[in-house]
Amino acid sequence: MEDCLFCKILKKEIPSTKVYEDEKVYGFVDIYPMSKEHYLFIHKNHTSNVNEMSKATPNEIGEVYQAISKYTESNELSKNGFRVVTNVGPDAGQTVFHTHFHVLGGEKLGRFGS
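Heads up: the sequence shown begins at 226 in the numbering used here, then just goes up one per residue.
As structure tokens, this is what we get:
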């Protein structure tokens, strides 16, 4: 997508602080962190949200989660735990419409759900 912020990051038109990259997935530091460590993981193939991704290319969800697993196992995040969140639509807080997964950790997070 031409004016997609995350597509521009992938094209290196907008700078980011990379924490992970393979041939299919890119992970980078969120510029508005909600926890001590806050990363965004995106598939290099553009979809708007996880529902679209699950219908169009469901294997990509697994590729993103494999990347998250590799990254969190390579540092302290997997030791004490982390949270993965994806938002779908404006009411959920989605502001960039390129499927992305927030990886939050590095500290004790408040209870979320049950």
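Here a beta-carbon is modelled for each residue, glycine too, at the ideal position from N, C-alpha and C. Please read all numbers here as calculations on a predicted model, not as lab measurements.
Neighbourhood of residue i by C-beta, 8 Å cutoff - its chain only, sequence neighbours within 5 removed
i, result
"Gly-318", "Asn-312"
Cutoff 7 Å; reference residue i; Cβ partners in own chain excluding five residues on either side
i, result
"Glu-285", "His-268, Asn-270, Met-278"
Close Cβ partners of residue i (< 6 Å) along its chain, the five nearest in sequence each way excluded
i, result
"Ser-241", "Ile-234, Phe-253"
Contact test: residue i Cβ vs the ligand MN heavy atom, cutoff 7 Å
i, result
"Glu-277", "Because no ligand of any kind appears in the structure shown, any question about the ligand MN cannot be addressed here."
Reduced DSSP secondary structure (H/G/I, E/B, other) of residue i
i, result
"Lys-304", "helix"
"Leu-329", "strand"
"Thr-242", "coil"
"Glu-248", "coil"
"Phe-231", "helix"
"Ser-339", "Residue placement at Ser-339 is flagged as unreliable, the pLDDT there being 49, under the threshold of 50; a coordinate-derived value is accordingly withheld."
Contact between the stretch 258-277 and the stretch 229-248 (3+ Cβ pairs under 8 Å): yes
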